[in-house]
Amino acid sequence: MNHRRILIADPDRTVLKELGNALHEQGYEVRAARDGSRALEKTILSRPDLVLFDAACPLINARKYIQILRSNPRTEHIPVVIMGGSEGDSGGSWGYREALIRKPFNIDEVTSLVASILRKMATAREVREGGQKIAGSLAQIALSDLLQIFHLNKKTGELRLSGRAAEGQVFVREGNVIHAATGRHRGEKALFRLLQWREGNFSFDAGGTTADPNIRRGTDLLLLEGARQADEFLRLRAELPPHPVRLEAAPEKALRFEGLHPATQEILRLLEFYQTVDDLVEHARVSDFEACRVIRALLDKGVLRPLDAPSAPVVDEPAPLLPQDQLFELRLRLSGGLPPSRPSRARLALLSANGNLLREFAAGLARLPGCEPADMPRALDLGFGLLGSLQLSENLRVEVMLLPAERSLRPLWGPLSAGTCAGIVLRPEGDPAAVYRLDSLAQQLAARGLPVVGVGPERVAQVRAIITDALGRVLANRAG
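Under this note's numbering, the sequence shown has 145 at position 127, and the numbering climbs by one with no breaks.
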């Protein structure tokens, strides 16, 4: 016997009897009222653990009843389940202490809801009473309810979530959500995804903080917007091409959309690396709903179009130098705000004072798939110039520019190193003077905030790994 008190307010005697008997069999102590006035009186006098209030109760309606309860310190935390309600009432305006159940309902459905709400309120009570560490299951209390509890109690701390295949993190400060993260996602996109978790566990550590706030919107608005976007996303995604269908841009129309909304430009940039709706949504920084909304608008205007058939698989296609998400990030950072259709260039400055090492590196570069070494012989002969270039994606090219090591040719550094994002130094063994000279030149690149990769003779033939290392440092350097 759990001896929890339940008050049922319903003008229908049959409902009072059937629902009362079912709850009594579950071990609850049941009280009844047939109108809102009597329900309010019994609530104040007996302070039940939960109230089931029919929307059709006369004298005092549901909203007025709840308003009175919430204004009284003795009754403000009592949960209320509204039974019935109009078709237009979705329940989205109720707080975590309220719930809505439609009539006619299944008795088992009501008893299950009652048990779930009482578990949720136990967690809320634990938060109010100042517990430093709280843990539980998302199957018993939703994240949206947790955040409302933290908000009402002005809590500060870190909430960690663990699901089947992912983890999440939410920071609150004085009850307001200030940071959310899950996987690669941050901010509102991450929070809106976490709000959809129905299974998993949570733990809250009071007092935890973050130096990386990425959410500005108030908690109440966040939760309302998260619920709205979740419903709209499901509707909108069902109207878009299914996952196997690839999309392509119509270049003549895409140009007209450049310079407009940032979300539109982001989707057009992503299309260079990802061609399905689900991949575009997954890698976009905007929320899932916003990404679908942009894709839908671009499809409607003919800027995007589905391909009639999947492309034939490419046999023995070499793996890219960087994963697709890193290529997109590199493209985004190097574009400098240019429209999506404008090409971006990553220039790597190469320093060498040893002809053998330089030729070995150049030979390895020329062997890379997609390398264009048209100017390589001339650059090797002169000791400076474009050694070769690689097309990483449709609009992203990496150039390897050989800078002169001789002091007399130092004035050429300006034009040759323009746009450089990283340096590569081929360091010989057994030649301290050459190493000193190269290190001095490398320091000039480092002084400009550029990452520099030092390469010894044992690695010089591993050109692919060297370039990947340099580009990876560009991403890490700019992220920092």
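Here a beta-carbon is modelled for each residue, glycine too, at the ideal position from N, C-alpha and C.
Indicate the three-state DSSP secondary structure (helix, strand or coil) for residue i in the structure shown.
{"i": "Asn-194", "result": "strand"}
{"i": "Gln-214", "result": "coil"}
{"i": "Leu-430", "result": "helix"}
{"i": "Ile-24", "result": "strand"}
{"i": "Val-478", "result": "coil"}
{"i": "Ala-268", "result": "coil"}
{"i": "Cys-310", "result": "helix"}
{"i": "Thr-486", "result": "helix"}
{"i": "Ile-96", "result": "coil"}
{"i": "His-42", "result": "helix"}
{"i": "Lys-319", "result": "coil"}
{"i": "Glu-36", "result": "helix"}
{"i": "Pro-29", "result": "coil"}
{"i": "Ile-78", "result": "coil"}
{"i": "Gln-409", "result": "strand"}
{"i": "Gly-154", "result": "strand"}
{"i": "Leu-502", "result": "In this structure the chain extends from 19 to 498, so residue 502 is not present and cannot be described."}
{"i": "Ser-162", "result": "helix"}
{"i": "Thr-438", "result": "strand"}
{"i": "His-169", "result": "helix"}
{"i": "Ser-89", "result": "coil"}
{"i": "Gly-106", "result": "Legend: pLDDT at Gly-106 = 46, less than 50; position of this residue unreliable, value from coordinates given subsequently. Coil."}
{"i": "Glu-347", "result": "helix"}
{"i": "Val-492", "result": "helix"}
{"i": "Gly-448", "result": "coil"}
{"i": "Gly-467", "result": "coil"}
Write down the C-beta distance between residue i and residue j rounded to the nearest angstrom, noting that I regard them as a contact closer than 8 Å.
{"i": "Ile-504", "j": "Ser-55", "result": "This structure does not reach residue 504, given that the chain is present from 19 up to 498, and the question cannot be answered."}
{"i": "Ala-183", "j": "Leu-213", "result": "About 17 Å separates the two Cβ atoms, so there is no contact after all."}
{"i": "Ala-281", "j": "Val-304", "result": "5 Å"}
{"i": "Gly-102", "j": "Asp-72", "result": "6 Å"}
{"i": "Gln-166", "j": "Leu-239", "result": "With 8 Å as the limit, Gln-166 and Leu-239 do not qualify as a contact, their Cβ atoms being about 12 Å apart."}
{"i": "Arg-349", "j": "Arg-415", "result": "The Cβ separation is near 10 Å, so there is no contact."}
{"i": "Leu-37", "j": "Val-128", "result": "6 Å"}
{"i": "His-21", "j": "Glu-47", "result": "6 Å"}
{"i": "Ser-410", "j": "Pro-475", "result": "In the sequence as displayed, the identity of residue 410 is Leu instead of Ser. With a Cβ gap of about 27 Å, Leu-410 and Pro-475 do not count as contacting."}
{"i": "Ser-134", "j": "Gln-158", "result": "7 Å"}
{"i": "Leu-430", "j": "Gly-406", "result": "No, Leu-430 and Gly-406 are not in contact; Cβ-Cβ is about 18 Å, not under 8 Å."}
Would you list the residues sitting across from residue i in a DSSP beta bridge?
{"i": "Pro-324", "result": "Leu-265"}
{"i": "Leu-420", "result": "Leu-368, Gly-403"}
{"i": "Leu-118", "result": "Ile-100"}
{"i": "His-203", "result": "Thr-200"}
{"i": "Asp-72", "result": "Met-101"}
{"i": "Leu-177", "result": "Val-188, Phe-222"}
{"i": "Gly-472", "result": "Val-443"}
{"i": "Glu-390", "result": "Ser-407"}
{"i": "Ala-51", "result": "Ala-27"}
{"i": "Ser-362", "result": "Leu-414"}
{"i": "Thr-294", "result": "Arg-264"}
{"i": "Thr-237", "result": "Per DSSP, none; premise fails for Thr-237."}
Below 8 Å between beta carbons: does that hold for residue i and residue j?
{"i": "Met-419", "j": "Leu-404", "result": "yes"}
{"i": "Val-481", "j": "Leu-444", "result": "no"}
{"i": "Val-190", "j": "Lys-207", "result": "no"}
{"i": "Pro-259", "j": "Leu-252", "result": "no"}
{"i": "Thr-200", "j": "Gly-186", "result": "yes"}
{"i": "Leu-421", "j": "Ala-367", "result": "yes"}
{"i": "Arg-365", "j": "Glu-424", "result": "no"}
{"i": "Tyr-83", "j": "Leu-58", "result": "yes"}
{"i": "Asn-90", "j": "Glu-290", "result": "no"}
{"i": "Leu-136", "j": "Trp-215", "result": "no"}
{"i": "Glu-176", "j": "Gly-226", "result": "yes"}
{"i": "Val-188", "j": "Asn-171", "result": "no"}
{"i": "Leu-376", "j": "Cys-389", "result": "no"}
{"i": "Pro-76", "j": "Pro-122", "result": "no"}
{"i": "Leu-493", "j": "Glu-284", "result": "no"}
{"i": "Gly-437", "j": "Arg-351", "result": "no"}
{"i": "Thr-361", "j": "Val-263", "result": "Here the sequence assigns Pro to residue 361, which means Thr is not the residue at that position. Contact: no."}
{"i": "His-261", "j": "Thr-294", "result": "yes"}
Inset, instruction - Report yes or no: do the segment 302–310 and the segment 370–377 share at least 3 C-beta pairs separated by less than 8 Å? - result: no
Legend entry - Three or more C-beta pairs below 8 Å linking the segment 457–469 and the segment 380–395: no
Legend entry - Sufficient close CB pairs (3 or more, under 8 Å) joining the segment 181–195 to the segment 229–246: yes
Inset, instruction - Could you tell me whether the segment 219–230 touches the segment 149–160, using the rule of 3 or more Cβ pairs below 8 Å? - result: yes
Inset, instruction - Please determine if the segment 335–344 and the segment 454–468 are in contact, where contact requires at least 3 C-beta pairs separated by less than 8 Å. - result: no
Inset, instruction - Tell me, please, whether the segment 67–74 touches the segment 90–102 by the rule of three or more beta-carbon pairs shorter than 8 Å. - result: yes
Legend entry - Segment contact, 8 Å Cβ cut-off, at least three pairs: the segment 430–444 with the segment 292–305: no
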